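Counting from 0, one number per residue, gives the positions in the sequence shown under numbering that gives the first Met the number 0.
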Amino acid sequence: MYPPLKITFLGTGTSSGVPMIACGCEVCTSADPKDNRLRSSILVQSAKTTLVVDTGPDFRYQMLRENVKEIDAVIFTHPHKDHLAGLDDIRAFNFFMKKPIDVFADSLTEEAVRRDFYYAFSDTKYPGIPELNLNTITLEPFVVGDIPVIPILVWHLKMPVLGFRFGKFTYITDANRIDETEKAKIRGSEVLVLNALRKKSHVSHFTLAEAVAMSQELQVKSAYFTHISHQLGLHHAIEKELPAGIHLAYDGLILEI
Ligand SMILES: [Zn+2]
Ligand SMILES: [Zn+2]
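Shown next as structure tokens:
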């Protein structure tokens with residue numbers, strides 16, 4: 000039995016976030032809260048377990064906004080800064096939970112964690128540094144508390160990125176290609192989250208049209224798009240253009256699966 004899950008979209012923006020610093024475009028100056036997008040991340044919770052996928056630069060504020068008091072693990076998709084930079088703020092959970100926090104990352108991301116947060120792994124440990132318990136993952140399924148996780152390999156141009164399937168829910172960010180063998184792992188999902196950067200083509204991200212086509216090919220009941228750029232357009236306008244069952248995600252959106 001897979002536990003019922005609550006998914007919270009902590010952020011749905013591309014690497015710059017929306018609004019983007021110094022931009023005066025109609026999306027960046029929109030009064031609609033759905034046009035404000037922090038860097039992409041989700042919180043996945045069962046009754047017993049809480050995990051976060053990625054800790055971008057907005058991690059601290061996202062934890063405060065959603066009033067998260069405990070975290071059992073961090074799972075990383077890939078080592079880019081917009082998915083990793085906020086990891087230092089895990090210190091608050093170390094302080095209140097009085098223990099290291101489990102981190103699940105593939106070897107590529109683990110290397111970046113050890114490099115970017117070298118002080119957490121030095122022989123002389125100063126008080127107050129992040130306490131991380133690193134677990135190296137491959138494409139083998141693993142379990143966090145009572146939440147089984149299936150890694151899915153996707154491609155971000157030439158960089159391997161991990162998507163994750165949690166029961167009937169699949170989360171994929173930062174991809175522009177998925178191999179046939181990995182598509183098989185996604186099929187049967189009720190809800191698929193996929194990145195959709197903008198309408199114009201991009202070397203390492205699905206466009207809106209490509210994300211729609213992939214969602215339809217994989218025959219999921221519903222799809223939500225994330226990792227959105229200010230260049231995509233206004234949330235309410237793009238939402239109207241999408242086929243039934245396909246939506247733009249927005250910060251604070253909650254799904255119960
Ligand atoms: Zn990204
Ligand atoms: Zn803008």
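For each residue, glycine too, the CB sits at the ideal point set by N, CA and C.
Only a predicted model underlies this, so the values are computations on that prediction, with no experimental measurement involved.
What does the Cβ neighbour count give for residue 117, buried or exposed, with the cut at 16 atoms within 10 Å? Looking at its Cβ environment, which holds fewer than 16 other Cβ atoms inside 10 Å, residue 117 is exposed.
Would you be able to state if there are at least three C-beta pairs under 8 Å between the region 48-59 and the region 120-131? The region 120-131 is not in contact with the region 48-59.
Taking the DSSP output, what are the residues bridged to residue 158? In the DSSP output, where bridge partners are listed per residue, residue 158 has 155.
Mind checking whether residue 23 and residue 57 have CB atoms under 8 Å apart? Their beta carbons are not under 8 Å apart, which means residue 23 does not touch residue 57 by this criterion.
Of all residues in the structure, which have a C-beta closer than 7 Å to any heavy atom of ligand 1, taken in chain order? Answer in sequence order: 13, 14, 39, 79, 81, 82, 172, 173 and 226.
Pair every Cβ in the region 82-89 with every Cβ in the region 133-145, then say whether three or more of these pairs are closer than 8 Å. Between the region 82-89 and the region 133-145 there are fewer than three C-beta pairs closer than 8 Å, too few to call the two in contact.
Tell me, which residues are paired with residue 74 by DSSP? BP columns for residue 74 point to 52 and 103.
Between the Cα of residue 189 and those of 181, 206 and 223, spot the shortest distance and give me the residue it belongs to. Residue 223 is the option with its Cα nearest to residue 189.
Beta-carbon proximity of residue 100 to residue 63, cut-off 8 Å: For the pair residue 100 and residue 63, the CB atoms are not nearer than the 8 Å cut-off.
Residues bridged to residue 246 by DSSP? Paired residue(s): 223.
Does DSSP put residue 40 in a helix, a strand or coil? In the three-state reduction of the DSSP assignment, residue 40 falls in the strand class.
Which residues DSSP lists as bridging residue 7, in chain order: Per DSSP, 42 and 253.
Touch test, the region 237-253 against the region 27-39, Cβ-Cβ under 8 Å, three pairs minimum: Yes, the region 237-253 touches the region 27-39.
Ignoring anything shorter than 4 residues or poking outside the region 178-220, list the alpha helix (DSSP H) runs there in chain order. Given a length threshold of 4 residues, each whole run of the alpha helix (DSSP H) inside the region 178-220 is given here in chain order: 179-185 and 207-216.
DSSP beta-bridge partners for residue 26? Answer by DSSP bridge pairing: none, since residue 26 is not bridged.
Could you check the C-alpha separation between residue 121 and residue 114 for me, to the nearest Å? If I take the Cα positions, the gap works out to 11 Å.
Are the CB atoms of residue 169 and residue 226 nearer to each other than 8 Å? No; because the gap between Cβ atoms is not below 8 Å, this pair is not in contact.
For residue 210, is the classification buried or exposed, using 16 other Cβ atoms within 10 angstroms of its Cβ as the cut-off for buried? Flag for residue 210 reads buried.
Looking only at C-alpha atoms, which of 238, 196, 185 and 239 sits nearest to residue 220? Nearest to residue 220 by alpha-carbon distance, out of 238, 196, 185 and 239, is 185.
Other residues of its chain near residue 193: CB distance less than 7 Å, five sequence neighbours each side excluded: Sequence-distant partners of residue 193 (beyond 5 residues in either direction) whose C-beta falls short of 7 Å from its own C-beta, in its chain, are 171, 205, 210, 213, 214, 222 and 224.
For chain D, check one thing: does any of its Cβ atoms lie closer than 8 Å to the Cβ of residue 82? Absent from the structure: chain D. Only one protein chain is present.
For residue 16, which option in 27, 7 and 6 has the closest C-alpha, if you only look at C-alpha atoms? It is 27.
Where residue 136 falls: helix, strand or coil (DSSP): Three-state DSSP puts residue 136 in coil, outside helix and strand.
Endpoints, the beta strand (DSSP E) within which residue 141 is located: Annotation: the continuous beta strand (DSSP E) that includes residue 141 extends over 141-143.
Using only the heavy atoms of ligand 2, determine whether one of them is closer than 7 Å to the beta carbon of residue 234. At a cut-off of 7 Å, the beta-carbon of residue 234 does not count as near ligand 2: no heavy atom of the ligand is closer than that.
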